[in-house]
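S.K.:
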Amino acid sequence: MRSSRKDNGERFTAMTAALVLTTFLNSGCGSHTEYPSTLSFPSRTDRLVLKLPEAVPATLNEPGQLVEELARLDSLGGKTTDPITLSIDLRTRLDQFLREAFGTPAAPTIGQDTEASASAARLKLTNESLVEGGKLFRRHCLQCHNLTGDGRGPAGLWVVPYPRDFRRGMFKFTTTDSGKPRHRDLVRTLNEGLKGTAMPAFEKLPEAERELLARHVAYLAIRGQVEFDTLAALLSAEPPADLVAFATNRLRAILAEWEQAENAPAPRGVAPGADDGSPSSPTHADAVRRGYALFTAKADNACIACHTEFGRKPVLRFDVWGTVAKAANLTEKNIFKGGKQPESIFARIRGGIPAVGMPAHPDFTDRQVWDLVRFVQSLPYPRELPDDIRAIMYPNP
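Sequential numbering of the sequence shown, starting at 3, is according to our numbering.
This is the structure:
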């Protein structure tokens, strides 16, 4: 019989304390940061999520249950495949390709051919930066994100939401439409952390170290996606005849996607802020009223469809990793994982969060998005709401 939510909360607290202790011990004077030269990245053995169930998840994820939860996706209408079923010969050949293309934990690289090497250089994923970033990753990130970036480190399986699995090459809080991050998106997450999760802020680290960590995360994401895509193809009904050619083409294509994201035009989410005055001003109240009307509109992709009762009864949905995402309760304070700044909220509304199914709103005018920002920012603070909206939001003061 599974433990209760209360028990899980206590386990979460205990494991968080253990994580803090482990991080402290691993970060102390004289700690080892270099990987052994004989160490290789392990073969992927956990399930690949190929298709998500269309059904609404019944519950949130439970700490320590990730393997079992992913295994149940097929019975819910999803589709997964087990890498263990790949033949030993194909697995050996894939591992050899990955080693040649990406090196080892002690000597990470991105190469294998001149085109891939040139693309990696343009992304500043040089061997030197990856080696130094790997040392920092081992010290600060390995406990949760693990050696390959799979989010299954010693503490990772016991915190919910689960730490990010980089190997799909997808990230939640980006300033692109593709789910691929810009370098500065990764740095921002390192700087600020993610509220409501076990991901801490690393703003106390020197800027140069945060830059190196972001490069190493990109490296693990690219390596992981090449492995994922090649395994999925080899386990499909029509596997590629030439494993190396397929994997090389995927490496080139994935690097091109990262370059495209890095060089994409600035998103509309950086539109200048509207001058709506202070929360007590009539102009601010009007903006909040317009935002409320947009939020509750009976239209496709309306906010209220997922943030039911403004997030008090949020809709659950499967994210691209096969885990369960919950729409934020917007009546609570300090719940914006992607940043509480007005510009960050604007970017989330405009561009959505593709990895968890939050829709984009490209057809809204800048004024409409700012109206939604004003409403969302005011929701946790009844005194900042106009009287008529407060009576709806908080009928029992």
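Heads up, the beta-carbon is just placed ideally off N, CA and C, and yes, glycines get one too.
What residues in its chain sit with their C-beta under 8 Å from that of R93, if we drop five residues either side in the sequence?
M.R.: Mapped onto the sequence shown, residue 93 falls at position 91. S45, P85.
S.K.: For K342, I'd like the list of residues in its chain whose CB is within less than 6 Å of its CB, leaving aside the five on either flank, ordered along the chain.
M.R.: If you number the sequence shown from 1, residue 342 lands on position 340. Answer for K342: no residue qualifies.
S.K.: For F312 and N251, what's the separation of their Cα atoms in angstroms?
M.R.: Sequence index remark: in the sequence shown, residue 312 carries index 310 (1-based). Sequence index remark: in the sequence shown, residue 251 carries index 249 (1-based). Roughly 45 Å between the two C-alpha positions.
S.K.: Three-state secondary structure (DSSP) at R95?
M.R.: Taking the first residue of the sequence shown as position 1, residue 95 is located at position 93. Note: R95 maps to helix in three-state DSSP.
S.K.: Quick check: the Cα distance between R169 and G181, rounded to an integer number of angstroms?
M.R.: Residue 169 sits at position 167 when you count from the first residue of the sequence shown. Residue 181 sits at position 179 when you count from the first residue of the sequence shown. Answer to the nearest angstrom: the Cα atoms are 13 Å apart.
S.K.: Is G153 helix, strand or coil when you go by DSSP?
M.R.: Taking the first residue of the sequence shown as 1, we reach residue 153 at position 151. In the structure shown, G153 sits in coil (DSSP, three-state: anything other than H, G, I, E or B).
S.K.: Answer with buried or exposed for V58, where buried requires no fewer than 16 other C-beta atoms within 10 angstroms of its C-beta.
M.R.: Your numbering for residue 58 matches position 56 in the sequence shown. Classification for V58: exposed.
S.K.: Looking at the unbroken beta strand (DSSP E) that takes in A319, where does it start and where does it end?
M.R.: Position 317 of the sequence shown holds residue 319. Contrary to the premise, residue 319 reads as Arg rather than Ala in this sequence. Here the beta strand (DSSP E) through R319 covers 318-320.
S.K.: Taking only the alpha-carbon atoms, compute the straight-line gap between A118 and I224 and give it to the nearest angstrom.
M.R.: On the sequence shown, residue 118 is found 116 positions in, with the first residue counted as 1. On the sequence shown, residue 224 is found 222 positions in, with the first residue counted as 1. So the two alpha carbons sit approximately 11 Å from each other.
S.K.: Give the DSSP bridge partners of T300, in chain order.
M.R.: Walking along the sequence shown from the start, residue 300 turns up at place 298. Per the sequence shown, residue 300 should be read as Lys rather than Thr. DSSP, once it has assigned bridges, lists no residue as partnering K300.
S.K.: Per the contact definition of three or more C-beta pairs closer than 8 Å, is the stretch 175-189 in contact with the stretch 212-226?
M.R.: Yes, the stretch 212-226 is in contact with the stretch 175-189.
S.K.: Measuring CB to CB, does I65 end up less than 8 Å from V162?
M.R.: Within the sequence shown, numbered from 1, the residue matching residue 65 stands at position 63. Within the sequence shown, numbered from 1, the residue matching residue 162 stands at position 160. Checking the sequence shown, residue 65 turns out to be Pro, not Ile. Yes. Within cutoff.
S.K.: Note down the Cα distance separating L27 from L196, rounded to an integer number of angstroms.
M.R.: Mapped onto the sequence shown, residue 27 falls at position 25. Mapped onto the sequence shown, residue 196 falls at position 194. Because L27 sits at a pLDDT of 35, beneath the cut-off of 50, its placement in the model cannot be relied upon, and the point is left open.
S.K.: For S380, is the classification buried or exposed, using 16 other Cβ atoms within 10 angstroms of its Cβ as the cut-off for buried?
M.R.: Here residue 380 refers to the residue found at position 378 when the sequence shown is read from its first residue. Counting Cβ neighbours within 10 Å, S380 comes out buried, since at least 16 surround it.
S.K.: By Cβ distance below 6 Å, which residues in the same chain neighbour R166 in space, the five residues on each side in sequence not counted?
M.R.: Within the sequence shown, numbered from 1, the residue matching residue 166 stands at position 164. These residues qualify, in order along the chain: G153.
S.K.: Evaluate contact between the stretch 292-311 and the stretch 367-381, counting only Cβ atoms and requiring at least three cross-stretch pairs below 8 Å.
M.R.: Short answer: they touch.
S.K.: May I ask you to report which of helix, strand or coil DSSP gives G135?
M.R.: Your numbering for residue 135 matches position 133 in the sequence shown. Note: G135 maps to helix in three-state DSSP.
S.K.: Whole angstroms is fine: what's the gap from E56's alpha carbon to M360's?
M.R.: As a first step, residue 56 must be located in the sequence shown, where it is residue number 54. As a first step, residue 360 must be located in the sequence shown, where it is residue number 358. Those two C-alpha atoms are separated by around 15 Å.
S.K.: Taking Cβ to Cβ, would you say F99 is nearer than 8 Å to V246?
M.R.: Looking up residue 99 in the sequence shown gives position 97. Looking up residue 246 in the sequence shown gives position 244. Yes, the Cβ-Cβ distance between F99 and V246 is below 8 Å.
S.K.: Just to confirm the assignment, what range does the alpha helix (DSSP H) spanning L52 have?
M.R.: In the sequence shown, residue 52 corresponds to position 50, counting from 1. Counting along the chain, L52 falls outside any alpha helix (DSSP H), though it belongs to the beta strand (DSSP E) covering 50-53.
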